[in-house]
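The working numbering numbers the first residue of the sequence shown as 25 and each following residue consecutively.
Where is the CB? At the ideal position from N, CA and C, for every residue including glycine.
Note that the structure is predicted; figures quoted are calculated from it, not measured.
Report on the structure given below.
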Amino acid sequence: MTIRRDAQLDPGQVRDRRGISGGGLAVGGGLAGILGLVLFLFLGGDPSQVAGALNGQTVGDQPSNDLSQECQTGADAATRDDCRIIGYVNSIQSYWGTVVEGYRLAPTTFFEGGINTGCGYATSAVGPFYCPPDGGIYIDLGFFDELQTRFGADGPFAEAYVIAHEYGHHIQNLLGDLGAGGGAGAESISVRTELQADCYAGVWADHAVATGFLDPLTPAQIADALEAARAVGDDRIQEQTQGQVNPETWTHGSSEQRQAWFRVGLDTGDPNQCDTFSGDI
25 MTIRRDAQLD
35 PGQVRDRRGI
45 SGGGLAVGGG
55 LAGILGLVLF
65 LFLGGDPSQV
75 AGALNGQTVG
85 DQPSNDLSQE
95 CQTGADAATR
105 DDCRIIGYVN
115 SIQSYWGTVV
125 EGYRLAPTTF
135 FEGGINTGCG
145 YATSAVGPFY
155 CPPDGGIYID
165 LGFFDELQTR
175 FGADGPFAEA
185 YVIAHEYGHH
195 IQNLLGDLGA
205 GGGAGAESIS
215 VRTELQADCY
225 AGVWADHAVA
235 TGFLDPLTPA
245 QIADALEAAR
255 AVGDDRIQEQ
265 TQGQVNPETW
275 THGSSEQRQA
285 WFRVGLDTGD
295 PNQCDTFSGD
305 I
């Protein structure tokens with residue numbers, strides 16, 4: 025999935041705080057050091073529940089770098105990773121803004137090291153996450169290197185999948201469906217919440233071209249999307265990191281489930297088909 029070269033980007037939907045101190049101390053270990061925490065947050069975990077990674081500080085007015093000169097069109101997205109992410113953010117919000125009544129723009133913030141958020145202070149070790157209290161998405165772009173080297177989920181569509189999944193949580197938050205429950209297990213509310221966000225990501229992908237920001241999906245890119253969903257299934261992660269699979273501890277769903285629900289969204293293009301809270305999943 026590539027950004028159209030003539031697409032007009034809106035960097036105002038992204039805050040670039042890379043290289044700007046967020047205050048506080050980073051939790052040691054880096055992205056590779058606490059992979060489980062990274063995946064928990066990337067796949068939709070509430071960062072306010074993670075002890076040690078967040079210390080309760082609150083978000084305030086923080087300075088940002090200006091990307092308005094660097095990221096103007098899709099041609100810039102072809103040469104710069106941050107501009108490409110801006111293109112995805114613009115497309116995702118363009119679509120959901122036409123579907124969800126009263127949609128509120130959710131800023132995506134790039135950061136390095138650590139940052140204050142409405143959920144407290146987060147280090148880059150937590151990976152991408154959505155913070156319900158301030159309605160923002162936070163990303164250390166270095167996470168995508170980790171996703172590729174550890175799980176083989178690479179390419180622009182893997183990035184788009186991550187971003188679209190996080191915006192799926194924003195939609196859940198706006199609709200009042202986020203934070204309704206938790207727990208663990210193959211049928212848990214946590215799993216159902218994550219699978220719905222995957223479905224919403226697929227819905228956006230089906231409409232992405234119509235937003236005017238992206239070129240049509242190719243079969244190879246669809247295959248990449250399904251591989252990205254498979255790569256972050258609970259069973260695949262457990263096999264790779266623990267050597268065994270325990271469905272009773274699942275919080276995000278199996279590879280098969282994640283692929284299936286992304287596919288439901290992609291094939292139907294209808295968010296009403298993303299009801300993961302009723303019936304079998």
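Helix, strand or coil for Val-38, going by three-state DSSP, please let me know.
-> The count along the sequence shown starts at 1 and reaches residue 38 at position 14. Strand.
Could you have a look at Phe-286 and say whether DSSP puts it in helix, strand or coil?
-> Numbered from its first residue, the sequence shown carries residue 286 at position 262. It is helical.
May I ask you to report which of helix, strand or coil DSSP gives Phe-237?
-> To locate residue 237, count along the sequence shown from 1; it is residue 213. DSSP places Phe-237 outside both helix and strand once states are collapsed to three, so it counts as coil.
Local conformation of Cys-95 per DSSP, three classes | Here the question's residue 95 lines up with position 71 in the sequence shown. Coil.
Where Tyr-127 and Asn-296 are concerned, what is the direct C-alpha to C-alpha distance, given to the nearest angstrom?
-> Within the sequence shown, the letter at position 103 stands for residue 127. Within the sequence shown, the letter at position 272 stands for residue 296. When rounded, the distance between both Cα atoms is 16 angstroms.
Counting only the same chain and skipping the five closest in sequence on each side, list residues whose C-beta sits under 6 angstroms from that of Asp-230.
-> One-based indexing of the sequence shown puts residue 230 at position 206. For Asp-230, the CB contacts under 6 angstroms within the same chain, skipping 5 residues up- and downstream, are Leu-290, Gly-293 in chain order.
C-beta atoms of Tyr-112 and Ile-195 nearer than 7 angstroms = Counting from 1 along the sequence shown, the entry for residue 112 is found at position 88. Counting from 1 along the sequence shown, the entry for residue 195 is found at position 171. Cβ atoms of Tyr-112 and Ile-195: not closer than 7 angstroms.
Which class does Gly-308 belong to by DSSP, given the choice of helix, strand or coil?
-> Because the chain here runs from 25 to 305, residue 308 falls outside it and cannot be looked at.
DSSP three-state call for Cys-223: helix, strand or coil?
-> For the purposes of this step, residue 223 is taken as residue 199 along the sequence shown, with counting starting at 1. DSSP places Cys-223 in the helix class (H, G or I) of the three-state scheme.
Thinking C-alpha only, which one of Leu-165, Gln-281, Ala-208, Val-123 is nearest Thr-132?
-> The sequence position of residue 132 within the sequence shown is 108, counting from 1. Looking at the Cα atoms, Leu-165 is the closest of the given residues.
Determine the burial state of Gln-73: buried for a count of at least 16 other Cβ atoms within 10 Å of its Cβ, exposed for fewer.
-> Numbered from 1 along the sequence shown, position 49 holds the residue referred to as residue 73. Unreliable positioning characterises Gln-73 in this predicted model, as indicated by a pLDDT of 48, which lies under 50. The coordinate reading is nonetheless provided below. Classification for Gln-73: exposed.
Taking buried to mean at least 16 other C-beta atoms within 10 Å of its own C-beta, is Ser-302 buried or exposed?
-> Along the sequence shown, read from residue 1 onward, the residue named residue 302 stands at position 278. Counting of Cβ neighbours within 10 angstroms places Ser-302 among the exposed residues, the total staying below 16.
Sort Arg-29, Arg-174, Cys-155, Ile-305 by Cα distance to Val-256 and report the nearest one.
-> Your numbering for residue 256 matches position 232 in the sequence shown. The shortest C-alpha to C-alpha distance from Val-256 to any of Arg-29, Arg-174, Cys-155, Ile-305 is the one to Arg-174.
What whole-angstrom Cβ distance do Leu-219 and Arg-282 have, given they're in contact under 8 angstroms?
-> Translated into positions along the sequence shown, residue 219 becomes position 195. Translated into positions along the sequence shown, residue 282 becomes position 258. With 8 angstroms as the limit, Leu-219 and Arg-282 qualify as a contact, their Cβ atoms being about 7 angstroms apart.
Classify Ala-234 as buried or exposed, calling it buried when 16 or more other Cβ atoms lie within 10 Å of its own Cβ.
-> For the purposes of this step, residue 234 is identified with residue 210 of the sequence shown, where counting begins at 1. Its Cβ having fewer than 16 others within 10 Å, Ala-234 is exposed.
Relative to the alpha-carbon of Ala-31, which residue among Arg-41, Thr-97, Arg-39 has its alpha-carbon at the smallest distance?
-> By 1-based counting over the sequence shown, the position of residue 31 is 7. Ranking Arg-41, Thr-97, Arg-39 by CA distance to the CA of Ala-31 puts Thr-97 first.
Given a threshold of 16 other Cβ atoms within 10 Å of its Cβ, counted over all protein chains shown, does Gln-117 qualify as buried or as exposed?
-> Position 93 of the sequence shown, counted from the start, is the residue given in the question as residue 117. By the neighbour-count rule (16 or more Cβ atoms within 10 Å), Gln-117 is buried.
Closest to Ile-109 by CA distance: which of Thr-141, Tyr-162, Gly-209, Ala-284 is it?
-> On the sequence shown, residue 109 is found 85 positions in, with the first residue counted as 1. Of the residues Thr-141, Tyr-162, Gly-209, Ala-284, the one whose Cα lies closest to the Cα of Ile-109 is Tyr-162.
Rounded distance between the beta-carbons of Arg-39 and Ser-88, thought under 8 angstroms | Numbered from 1 along the sequence shown, position 64 holds the residue referred to as residue 88. Numbered from 1 along the sequence shown, position 15 holds the residue referred to as residue 39. Right, their Cβ atoms sit about 5 angstroms apart.
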